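Some notes on the structure that comes next.
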């Protein structure tokens, strides 16, 4: 605001919710029952968390304004770089002069948002709501937990606002060298010691190599366990293989029998192992995200490498069976077997 709030007071903008779109479960003064939750399971307004950062579409300014206070404003060019392809409609709506909101009930049925300017001081009072074009977007708009307003709509609010530079965002056409980054940091520090430079990079580590190392280690352990089990099974089936040799079965048949047995043992170990790993991963993600609590963290996701797991299901049994068949001796001594 052009006139900062007095000491001990605050000034802010709040997006008023449409009561007809507000989830009925949020209006209860008690915990909803399972029947009530099931009844409103398909309500779009109940699909978001009441306590998520994107729900609180408001901003406040105190006398000692900091980086987490105020209203962010942009014509769409900065947020086109910040969010990129993750929320492309955000920059489009800002450029078109629409207030973006991730809160379902913040965008009324007429497609507008109603911004309420208020303050806590005795002389501040509360103004009438200002109706502005709005747009509901999918994604977490927790950018400093602040509201984002188009530059073209600021003069329509019933309060005098001053636009001050908060951050400069740029996307180089080519990857910068360390010398360029150091030069930029030095130049910015020369302007002000309170300014900082942050360069966001893509992950440089080879995720595929890491996954292959983990899978390779697990595969070696699985194969070792399989060959131990196959060796024990071979001892048990030595008489059967010797009988096959006695009745004229070729060495190829005996190798196939041993290989199929080893492959089957590997498959019966791989499938429960994958199921157990998925269960442990799901439990870890659920606990870390705090699902079932009042403040879950929706940024946690369980990413399952289906391609790697499918390859493990196919490759490990084939590898174990092939190796067992390869090292199965072509000739076996005939052993005495009691008649049954």
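In the working numbering, the protein residues as written are 412 to 751. In this text, a Cβ means the ideal position worked out from N, Cα and C, and glycines have one as well. Quick caveat: nothing in here was measured; it's all calculated off a predicted structure.
Could you spell out the range, first to last residue, of the beta strand (DSSP E) harbouring residue i?
{"i": "residue 680", "result": "No beta strand (DSSP E) contains residue 680, which is instead part of the alpha helix (DSSP H) from 662-700."}
{"i": "residue 725", "result": "Unbroken run through residue 725 is the alpha helix (DSSP H), 717-738; no beta strand (DSSP E)."}
{"i": "residue 512", "result": "510-512"}
{"i": "residue 546", "result": "541-547"}
{"i": "residue 484", "result": "483-485"}
{"i": "residue 560", "result": "559-561"}
Is the distance from the Cβ of residue i to the Cβ of residue j below 8 Å?
{"i": "residue 561", "j": "residue 486", "result": "yes"}
{"i": "residue 752", "j": "residue 735", "result": "Residue 752 cannot be examined here, being either before or after the span of the chain that is shown, 412 to 751."}
{"i": "residue 622", "j": "residue 716", "result": "yes"}
{"i": "residue 491", "j": "residue 507", "result": "no"}
{"i": "residue 707", "j": "residue 700", "result": "yes"}
{"i": "residue 636", "j": "residue 670", "result": "no"}
{"i": "residue 494", "j": "residue 558", "result": "no"}
{"i": "residue 682", "j": "residue 724", "result": "yes"}
{"i": "residue 438", "j": "residue 515", "result": "no"}
{"i": "residue 713", "j": "residue 692", "result": "yes"}
{"i": "residue 452", "j": "residue 517", "result": "no"}
Which two residues bound the contiguous alpha helix (DSSP H) that contains residue i?
{"i": "residue 607", "result": "Careful: residue 607 lies outside any alpha helix (DSSP H) and carries neither H nor E."}
{"i": "residue 601", "result": "589-602"}
{"i": "residue 491", "result": "488-493"}
{"i": "residue 502", "result": "499-506"}
Taking residue i as the reference, which of the options has the closest Cα?
{"i": "residue 733", "options": "665, 424, 603", "result": "665"}
{"i": "residue 720", "options": "626, 445, 713, 507", "result": "626"}
{"i": "residue 571", "options": "423, 737, 429, 418", "result": "423"}
{"i": "residue 400", "options": "607, 502, 454", "result": "Since the first residue shown for the chain is 412 and the last is 751, residue 400 is missing from the structure and cannot be characterised."}
{"i": "residue 630", "options": "446, 727, 417", "result": "727"}
{"i": "residue 676", "options": "620, 505, 731, 653", "result": "731"}
{"i": "residue 484", "options": "566, 522, 660", "result": "566"}
{"i": "residue 521", "options": "658, 428, 448, 660", "result": "428"}
{"i": "residue 592", "options": "684, 612, 518, 439", "result": "612"}
{"i": "residue 568", "options": "718, 412, 739, 737", "result": "412"}
{"i": "residue 632", "options": "563, 450, 684", "result": "684"}
{"i": "residue 738", "options": "638, 718, 696", "result": "638"}
{"i": "residue 563", "options": "586, 539, 505, 430", "result": "505"}
Could you check whether the Cβ of residue i sits closer than 8 Å to any Cβ belonging to chain D?
{"i": "residue 631", "result": "Chain labels in this structure do not include chain D; a single protein chain is all it has."}
For this session: Could you pull out every unbroken beta strand (DSSP E) segment of at least 3 residues lying fully inside the stretch 414-462, listed in chain order?
Result: 422-426
Problem set entry | Segment contact flag, the stretch 516-527 with the stretch 573-587, C-beta cutoff 8 Å, min 3 pairs | no
Problem set entry | Stretch-stretch touch, CB-based, cutoff 8 Å, three pairs: the stretch 537-547 with the stretch 510-517 | yes
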